[in-house]
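Inspection log for the structure reproduced underneath, given as structure tokens.
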Amino acid sequence: MKRAKNLILHIADPDNLRLAFWKASRGKAGAQEVEVFRAQLDTRLLDLRKQILQGCVRVGQYRYFKVYDPKKRMICAASFGERVLHHALMNCCHHRFDQAQVFDSYASRPGKGLHACLQRASRFSRPDRWFLKLDIRSFFAGIDHRILKGQLRRLFKEQKLLVIFDTIIDSYADLPGRGVPIGNLSSQYFANHYLSCLDHFIKEELRCRAYVRYMDDMVLWHVSKRWLQEALQAIDDYVQHRLHVRLKPIQLNHIRRGLPFCGYVIYPHYIRLSQRSKRRYIKKIRFVCEQHANGIWDEGTCQRHALPLIAFTRHADSVAFRRNMLMRLAGDRER
Numbered sequence: 000m001k002r003a004k005n006l007i008l009h010i011a012d013p014d015n016l017r018l019a020f021w022k023a024s025r026g027k028a029g030a031q032e033v034e035v036f037r038a039q040l041d042t043r044l045l046d047l048r049k050q051i052l053q054g055c056v057r058v059g060q061y062r063y064f065k066v067y068d069p070k071k072r073m074i075c076a077a078s079f080g081e082r083v084l085h086h087a088l089m090n091c092c093h094h095r096f097d098q099a100q101v102f103d104s105y106a107s108r109p110g111k112g113l114h115a116c117l118q119r120a121s122r123f124s125r126p127d128r129w130f131l132k133l134d135i136r137s138f139f140a141g142i143d144h145r146i147l148k149g150q151l152r153r154l155f156k157e158q159k160l161l162v163i164f165d166t167i168i169d170s171y172a173d174l175p176g177r178g179v180p181i182g183n184l185s186s187q188y189f190a191n192h193y194l195s196c197l198d199h200f201i202k203e204e205l206r207c208r209a210y211v212r213y214m215d216d217m218v219l220w221h222v223s224k225r226w227l228q229e230a231l232q233a234i235d236d237y238v239q240h241r242l243h244v245r246l247k248p249i250q251l252n253h254i255r256r257g258l259p260f261c262g263y264v265i266y267p268h269y270i271r272l273s274q275r276s277k278r279r280y281i282k283k284i285r286f287v288c289e290q291h292a293n294g295i296w297d298e299g300t301c302q303r304h305a306l307p308l309i310a311f312t313r314h315a316d317s318v319a320f321r322r323n324m325l326m327r328l329a330g331d332r333e334r
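Residue numbers (numbering that gives the first Met the number 0): 0 to 334.
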């Protein structure tokens with residue numbers, strides 16, 4: 000596959016920068032840093048254009064905060080100007096990143112996503128199959144900068160673009176020479192691409208036809224448990240010596256016992272919500288109802304918070320669960 004070149008002029012094009020601003024500002028109308036940027040839009044975009052054309056961008060102005068859902072994580076949010084830069088880069092580089100992916104990689108790819116991944120996993124979960132579920136330990140924090148930069152040099156040829164990527168990568172580290180920040184658009188692309196070579200190894204070298212990956216969550220299916228055990232040895236050796244990361248404790252089981260995957264449990268003929276996902280849904284939907292009952296949120300605000308929760312449950316066979324939850328909430332209001 001030929002390396003991409005002549006992208007800098009497209010990235011720095013004023014129309015692309017305005018598109019990047021629009022994408023970065025979606026859902027953030029009224030935020031102070033967005034409005035400050037908007038008030039000086041032409042000047043800010045001209046300055047960003049100059050940085051890109053020179054291959055010398057200003058990055059690293061991160062804001063850190065913790066989230067606890069679904070687990071405790073440190074989020075590293077770039078400044079708004081940096082987010083515009085990330086969108087400008089990926090508007091033009093997305094196609095090249097996407098070309099490097101196998102069909103069954105589903106994260107950070109338009110037309111793919113969690114729902115498509117679940118449907119594909121469900122089709123692979125036949126009654127006669129075993130599954131091997133893999134996950135990378137501290138994935139974002141463990142990404143090796145040197146290896147990532149080498150991977151990018153096999154994708155892109157333009158030196159100025161590579162210098163910009165290097166600057167973004169070097170602006171953050173969990174340990175010396177390791178880690179990309181959770182929360183950045185560029186990190187999603189870098190992390191997803193970091194494992195693309197492993198996808199090709201599993202599909203082309205191990206010849207595993209039934210395989211899916213959603214970021215660092217991977218599942219292989221096979222009729223033979225022994226085949227999966229041998230595949231595990233090869234994969235473990237690959238991730239340690241080629242990618243310098245480690246696997247979490249693996250799950251090797253028969254599909255009839257249920258495959259826990261991305262907040263769901265997949266069986267041969269149906270999908271259920273995991274217990275953690277049920278608890279998360281109950282907690283969040285109760286909070287939305289409390290905000291409405293106390294007059295803090297109006298109906299429109301409650302709807303914006305509730306719809307993503309309901310959409311997540313609809314990927315599973317959860318009609319009875321949602322109905323029971325609504326009955327419980329109605330009973331709570333009557334009391």
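Cβ atoms here follow ideal geometry from the backbone N, Cα and C, with glycine treated the same way.
By DSSP, does residue i sit in helix, in strand, or in coil?
| i | result |
| --- | --- |
| Trp220 | strand |
| Cys75 | strand |
| Asp235 | helix |
| Leu174 | strand |
| Ser355 | The question about residue 355 has no answer here: the residues shown for the chain are numbered 0 through 334. |
| Lys65 | strand |
| Val244 | coil |
| Val287 | helix |
| Ile142 | coil |
| Ser104 | strand |
| Ile7 | helix |
| Asp134 | strand |
| Val83 | helix |
| Val211 | strand |
| Gly110 | coil |
| Asn293 | coil |
| Asn191 | helix |
| Asp169 | helix |
| Lys148 | helix |
| Asn90 | helix |
Our contact map puts residue i next to residue j with C-beta atoms below 8 Å; I'd like the distance itself, whole angstroms only.
| i | j | result |
| --- | --- | --- |
| Phe155 | Arg57 | Phe155 to Arg57, Cβ: 21 Å. No contact. |
| Cys116 | Val211 | 6 Å |
| Val83 | Leu45 | That belief does not hold up - the Cβ atoms of Val83 and Leu45 are roughly 12 Å apart, past 8 Å. |
| Ala315 | Ile284 | So it is not a contact: roughly 15 Å between Cβ atoms. |
| Pro175 | Tyr61 | Their Cβ separation, rounded to whole angstroms, is 17 Å, which puts Pro175 and Tyr61 out of contact at 8 Å. |
| Leu194 | Asp215 | 7 Å |
| Pro13 | Arg125 | Not a contact, Cβ separation roughly 52 Å. |
| Ala280 | Arg271 | Reading off the sequence, residue 280 comes out as Tyr, not Ala. Going by Cβ atoms, the distance from Tyr280 to Arg271 rounds to 13 Å, so no, they are not a contact pair. |
| Ile265 | Ala120 | 6 Å |
| Cys207 | Ala230 | 7 Å |
Check the DSSP bridge columns for residue i and list the partner residues they point to.
| i | result |
| --- | --- |
| Trp129 | His221 and His253 |
| Ile265 | Leu258 and Ile270 |
| Phe155 | Ala3 |
Can you tell me the Cα-Cα spacing of residue i and residue j, whole angstroms?
| i | j | result |
| --- | --- | --- |
| Gly149 | Trp226 | 32 Å |
| Arg245 | Ile142 | 10 Å |
| Arg241 | Leu197 | 9 Å |
| Ile51 | Trp21 | 18 Å |
| His192 | Met73 | 21 Å |
| Arg122 | Pro248 | 25 Å |
| His243 | Glu204 | 19 Å |
| Ile201 | Leu131 | 12 Å |
| Lys282 | Val66 | 15 Å |
| Cys91 | Arg256 | 44 Å |
| Ala19 | Leu147 | 24 Å |
| Lys71 | Ala140 | 14 Å |
| Gly80 | Val287 | 32 Å |
| Tyr171 | Gly178 | 7 Å |
| Ser78 | His93 | 21 Å |
| Ala329 | Pro109 | 38 Å |
| Ala3 | Leu88 | 13 Å |
| Arg128 | Arg327 | 38 Å |
| Leu184 | His85 | 6 Å |
| Ser107 | Glu32 | 26 Å |
| Arg43 | Lys27 | 18 Å |
| Asn337 | Pro259 | Any property of residue 337 remains undetermined from this structure, which presents the chain solely from 0 to 334. |
| Cys301 | Gly29 | 19 Å |
| Leu325 | Lys224 | 42 Å |
| Arg136 | Gln228 | 19 Å |
| Leu151 | His199 | 16 Å |
| Val318 | Asp169 | 47 Å |
| Gln250 | Arg145 | 30 Å |
| Asn15 | Gln53 | 17 Å |
| Tyr269 | Tyr213 | 20 Å |
| Phe64 | Val101 | 34 Å |
| Leu6 | Phe189 | 18 Å |
State yes or no: is the beta carbon of residue i nearer than 8 Å to at least one beta carbon in chain C?
| i | result |
| --- | --- |
| Gln250 | Given the protein chain composition of this structure (a single chain), no chain C is represented. |
Three-pair Cβ contact test at 8 Å for the region 294–312 versus the region 271–281: Counting Cβ pairs under 8 Å, three or more are found: they touch.
Does the region 288–307 come close enough to the region 142–162 that 3 or more CB-CB pairs lie under 8 Å? As far as the Cβ criterion goes, the region 142–162 does not touch the region 288–307, which means the pair count is below three.
Hey, is the region 124–138 in contact with the region 215–224, meaning 3+ C-beta pairs nearer than 8 Å? These segments touch.
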